[in-house]
Amino acid sequence: MPPVRFDYTEEQRLIHRTVREFASRELRPHARRWDAENTFPLHLVPKIASLGLWGMTVPAGDGGSGIDSVGMALAIEALAWGDGGIALSVAAHNSLCTGHIARFGSPAQRRTYLPRLASGEALGAWCLTEPGAGSDAAALATRAERRGDRWILDGTKVFVTQGSVAGIYVVMARTDPPAGRRGISAFIVERGTPGLRVGKHEDKLGMRSSDTAEVIFEQCAVPLAQLIGAAGDGYEQAMRVLEGGRIGIGALALGLGRAALDASLEYARQRKAFGRPIADQQAIQWMLADMATELDAAEALVVDAASRAARGEPYRLAASMAKLYASEAATRAANRAVQIHGGYGFIKDYPVERIYRDVKLCEIGEGTSEVQRLIIAREALA
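Per my numbering: the sequence shown = residues 6 to 387.
The following block contains the structure:
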């Protein structure tokens, strides 16, 4: 996302340039190895912290960077251009766990947890999805029962980003089963709390440098003060958190799409067939043209949604449109990139093979493409 087509501020341009340089130096040279190892490189945590990227959603008064939504989108895009999994980890930490506490936490909770999250002292995980509750988040089965001065949590969460490395978890659990979605509440649970344990570490198709694990709660007791907001507020809080997270996923998809385009342009100029560079072939040029056009259109949607959020305007529809279009445009770009590379696009020596696998998650995570279409259609029909 080269910040040249939109009216970015100088600060936003500096954020993008700084993070892109970091990604070129610290992420791209190692992305293939991290993908093969299927593990989050913990040594990156302080390096990312030095750029203030763990605390983008945290106001400066709470120890964070206080970066606005547009600046955050630019940072995530630049990280994803370097490595999709690392970008996913940073995006989830900011938009989900940290963003949830920053938006809905009490003053005491914000004082206690936001400085730790912003500094990278503790990574954040957000626990919503369950084996039987994905897109239908209201169907979650994890329970939280009040006993004296404690809430007792029981249940299993799956596909938790940072699941095995997090220090702070935000957990959605059912406190009033008959109340349906109005009976879901959100809790802060710290690593090391008795009854919290990490389950299976997922062996994923892509985004393999991002930690994804099952998190299990068995008679996990937390103080009453760990409830975020009021009992029963958790579902609505989660839906608001997801709206912001979709801007991040759109930006992440855009970064992967830009990486696929850049790799394809370089390859097309260098690769020769029938005595001349394949960039001279009209078939290749049309694929490159479609990639460039669709990614610019995706950028416009992501920037629009982020700008609305930064101005404090409603952005639910804009975020769904941005996430839907950017994720699908980036997937098409990755597919074309593999095609342009031919047989070389099918082997791990070239980055487009990894991008092709990484980008698919953007059509699934934080609301599938089908869920986004439902949201957009309902808004259009309202």
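Every residue gets a Cβ at the ideal spot worked out from N, C-alpha and C, and that includes glycine.
Since residue i is in the beta strand (DSSP E), which residue starts that stretch and which ends it?
i	result
Q224	217-228
V63	It is not in any beta strand (DSSP E) - V63 carries neither H nor E in the DSSP assignment.
G239	G239 -> not in any beta strand (DSSP E); alpha helix (DSSP H) instead, spanning 239-275.
Y361	Element bounds for Y361: not the beta strand (DSSP E) but the alpha helix (DSSP H), 356-363.
If you run the structure through DSSP and keep just helix, strand and coil, what is residue i?
i	result
T198	coil
A387	coil
K205	strand
A235	coil
F164	strand
R281	strand
V9	Caution applies to V9, whose pLDDT of 49 falls short of 50 and renders its modelled position unreliable; the value that the coordinates give is listed next. Coil.
E26	helix
N99	helix
E371	coil
K328	helix
R213	coil
A382	helix
Y320	coil
V343	helix
E31	helix
S169	coil
G69	coil
I352	coil
P183	helix
G4	Residue 4 cannot be examined here, being either before or after the span of the chain that is shown, 6 to 387.
Ends of the alpha helix (DSSP H) at residue i?
i	result
Y118	112-124
M296	287-315
M77	74-87
H105	104-109
I53	49-55
D40	36-42
Where DSSP assigns a beta bridge to residue i, which residues make up the other side?
i	result
D159	R148
V175	W131, I193
A334	The partner list for A334 (beta bridge, DSSP) is empty, contrary to what the question assumes.
A138	E135
If you drop the 5 nearest sequence neighbours on each side, which residues of the same chain put their C-beta closer than 6 angstroms to that of residue i?
i	result
G204	E219, I221
G255	V307, A327, K328, A331
G76	Q17, I20
G239	M177, I189, S190, A191
A138	A144, L145
P7	Unreliable placement is indicated for P7, whose pLDDT of 48 sits below 50; the coordinate value is still reported in the next sentence. Closer than 6 angstroms at the Cβ level, and outside the excluded window around P7, lies no residue.
T14	none
V9	A caution first: V9 carries a pLDDT of 49, below 50, which makes its placement in the model too unreliable to give a value.
G89	M212, L261, D363
A339	A265, I360, Y361, V364
Who are the near neighbours of residue i in its chain, counting only those whose CB is closer than 8 angstroms to its CB and skipping five residues on each side?
i	result
G372	S140, L247, R251, S325, K328, I380
P282	A273, R274, Q275, R276
Q242	H105, R108, F109, A191, I233, G234
F11	E304, A305, V308
G237	T180, D181, A184, R187, G188, I189, S190
R383	none
E358	V343, G350, F351, I352
A113	A230
P319	R313
Residue j and residue i - do their beta-carbons sit closer together than 7 angstroms?
i	j	result
T180	G160	no
P136	V163	yes
T103	L133	no
G125	W59	yes
G253	S100	yes
A305	S74	no
D301	A323	no
L119	D67	yes
L259	E82	yes
A130	V165	yes
A149	L158	yes
I360	A264	yes
I369	M292	no
A334	E299	yes
A268	P199	no
S169	I91	no
E195	I173	yes
A96	L257	yes
A28	L84	yes
Keeping to the same chain, check which residues put their C-beta closer than 7 angstroms to that of residue i; ignore five residues upstream and five downstream.
i	result
P64	G71
K52	E31
D154	P228, L229
A54	S124, G125
With a threshold of 6 angstroms, establish whether the CB of residue i neighbours any heavy atom of the ligand GTP.
i	result
Y272	With respect to the ligand GTP, the structure shown offers nothing to examine, as it has no ligands at all.
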